[in-house]
Amino acid sequence: MNPRTAVKGGRRPVRLASAAAAALVAGLLAGNGSAAGEGGTPGTLAYDCGLPSGGPGRATVEVAMNLPASAEAGKPVQPGPVKVTVGLARADLAPLLPKDTDAVLSTASLAVKVSQNDQSATAMWSDLAAPSTPVPAEGDVRLVHAGAVPTVTVGGTGDVTLAAGELRLGLLTATPGTGQEGAPKPVPLVCEPVAGQNLRLGTVPVPGDGSAEPSTTPGGPAPSTPAGGKGRKERGGGVTVQPRSDPAPVGKCPTVIPKGKADPSDAPVAPPGATPGEFDLPGSPGCAYALGVANVRKLNGAMIINDPRHKPVTISVLAVTHSSVRSSVQPGGLYLRLDSLADLRLPDAESTFLTFGFQPVTAKVRFETGPVTISTGNVGTSVFSVISFKQSLRLYDVKVNGTPLDVGTSCRTATPYKVVLNGGAKYTNVFYGGTLDGTIDIPKFSGCGTNGEDLDPLFTAALSGPGNSIEMNQGTTCIPDSPDNLCPPNIPELPGSGAAKP
């Protein structure tokens with residue numbers, strides 16, 4: 005497997021992956037888009053794109069983002085999560101992709117000029133990924149790209165203005181072919197803004213007294229709390245564009261190659277109609293960070309999983325080991341499912357709860373997790389993403405009100421429980437990650453206690469039962485066979501705590 009760069013820009017290139025088969029390539033991007041900032045209707049910019057015919061193709065571009073109300077000199081300004089929606093005419097898209105393409109994948113890189121007074125620098129908003137988007141029979145195709153962008157630091161007071169520049173897309177069919185030697189390469193599409201437009205995306209005041217309101221043009225959402233970003237460091241006089249922090253170093257990637265076969269039984273099935281084609285693929289090995297928060301309903305308490313403050317570990321991924329495909333022209337309509345495997349070896353977690361509302365209990369938790377299946381795809385115009393696995397919990401090093409409680413070495417859930425997490429529009433795909441959530445039923449406990457003392461009823465009463473929520477946030481997946489493909493993997497934020505870190 006050799007994922008390759010399609011469009012470059014910023015600290016990292018915009019990437020689309022290629023692999024040993026077309027279906028494997030499609031798996032890198034097939035999935036759901038992630039929502040950017042809310043609370044506003046973006047305006048539309050016109051772009052001209054160079055087509056293979058030599059003539060221009062017209063694209064519409066909408067940029068939505070959140071901006072802070074104001075900023076201070078010397079402190080980073082963080083545009084919120086960004087959404088770049090690109091509309092392309094079907095007639096312009098058709099010559100770029102194989103005949104009868106039912107769905108298209110895309111990544112985007114937008115050059116943004118950041119100016120203050122007479123100083124400026126260029127921020128590359130790259131690594132913006134769009135979901136697997138069905139191609140309509142007529143009309144425009146709307147590709148919704150989302151992601152985090154770089155921070156901006158300025159050295160003085162005055163308005164900081166962001167203006168749109170060159171747009172680069174990487175396009176690829178999402179419906180894989182068969183019998184191919186190797187994989188198709190994504191098609192680059194370079195677009196320039198049409199002259200005579202107001203390209204201003206937004207303005208952040210940097211006042212001397214700290215009182216100001218932001219301006220967003222052409223109509224982005226309302227301001228919000230600063231978010232994470234990524235991009236290269238570039239200095240233009242008093243304006244600096246840089247990531248908020250560098251990616252954490254990663255060791256061997258992946259640490260193991262996931263074994264077994266994907267179990268997509270929790271993913272949506274194809275509607276009645278023609279039987280989808282099923283294709284086994286070798287998969288592309290990589291690694292990613294995944295962080296989570298688990299809430300125990302009975303205790304009204306939360307536990308951090310793979311805590312980013314304590315050397316989080318990567319999960320091993322074997323991306324796209326199976327595809328299930330039915331064309332949109334076949335009876336039943338479009339169905340695309342891409343399955344991946346993962347090996348989730350989480351570090352032990354520690355948490356403190358108040359048992360029965362008044363007794364503080366601390367315990368360490370060991371997660372014993374079976375093979376993980378990641379399924380993303382399309383059912384008609386809808387998209388889905390599902391992660392599922394079986395897991396058991398083991399408790400140890402338990403203390404009640406600071407006093408050790410010997411629970412033995414076999415205090416665990418009596419049976420494994422099933423975890424099914426759904427991403428909806430929040431999980432882009434196995435390569436770009438995103439957030440998912442679900443609820444689990446914690447089984448009763450067994451093997452707890454020593455010297456004839458049975459503590460099973462205590463932990464069963466305190467922990468077991470339905471309605472326990474889990475939220476997970478997966479970062480980007482690094483494929484070491486291709487150094488240009490999202491390596492090293494980024495460490496995302498804990499669910500609910502803000503936008504992803506670079």
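Sequential numbering from 5 applies to the sequence shown in the numbering used here.
We put the beta carbon where it would ideally sit given N, CA and C, even for glycine.
This structure is a prediction, so every number in the text was calculated from the model and none was measured.
Where residue 322 falls, given that 16 or more other Cβ within 10 Å makes a residue buried: buried
Cβ neighbour criterion (16 or more within 10 Å) applied to residue 315: exposed
Rounding to the nearest angstrom, what Cα-Cα distance links residue 287 and residue 319 in this structure? 15 Å
Among residues of its own chain, excluding the 5 on either side of residue 508, which ones have a beta-carbon nearer than 8 Å to its beta-carbon? Look at the range of the chain in this structure, 5 to 506, and you will see that residue 508 is not part of it.
Could you name the residues that DSSP lists as bridge partners for residue 482? 291
Of the listed residues 152, 344, 392, nearest to residue 373 (C-alpha basis): 392
Excluding the five sequence neighbours on either side, which residues of its own chain have a C-beta within less than 7 Å of the C-beta of residue 107, listed in chain order? 136, 137, 138, 139, 178, 179, 338, 340, 382
Out of curiosity, what's the CA-to-CA distance linking residue 98 and residue 76? 47 Å
Counting beta carbon pairs with one atom in the stretch 156-165 and one in the stretch 401-410, are three or more of them shorter than 8 Å? no
Alpha carbon to alpha carbon, what distance is there between residue 192 and residue 90? 14 Å
Output needed for residue 477: all residues of its chain with C-beta closer than 6 Å, excluding positions within five of it in sequence on either side, in chain order. 295, 439, 496, 499
Residues sharing a beta bridge with residue 176, DSSP: 109
Under the three-state reduction of DSSP, which class applies to residue 94: helix, strand or coil? helix
For residue 451 and residue 370, what's the separation of their Cα atoms in angstroms? 15 Å
Whose CA, out of 462, 445, 333, 447, lies closest to the CA of residue 453? 462
State the DSSP-derived secondary structure class of residue 57, mapped to helix, strand or coil. coil
Please name the residue, chosen from 328, 445, 130, 387, that lies closest to residue 395 on a Cα-to-Cα basis. 445
Taking the beta carbon of residue 119 as the centre, do at least 16 other beta carbons fall within 10 Å, making it buried, or is it exposed? buried
Looking only at its own chain, which residues have a Cβ that is under 6 Å from the Cβ of residue 491, when we skip the five neighbours before and after it? 482
Quick check on residue 467: does DSSP put it in helix, strand or coil? helix
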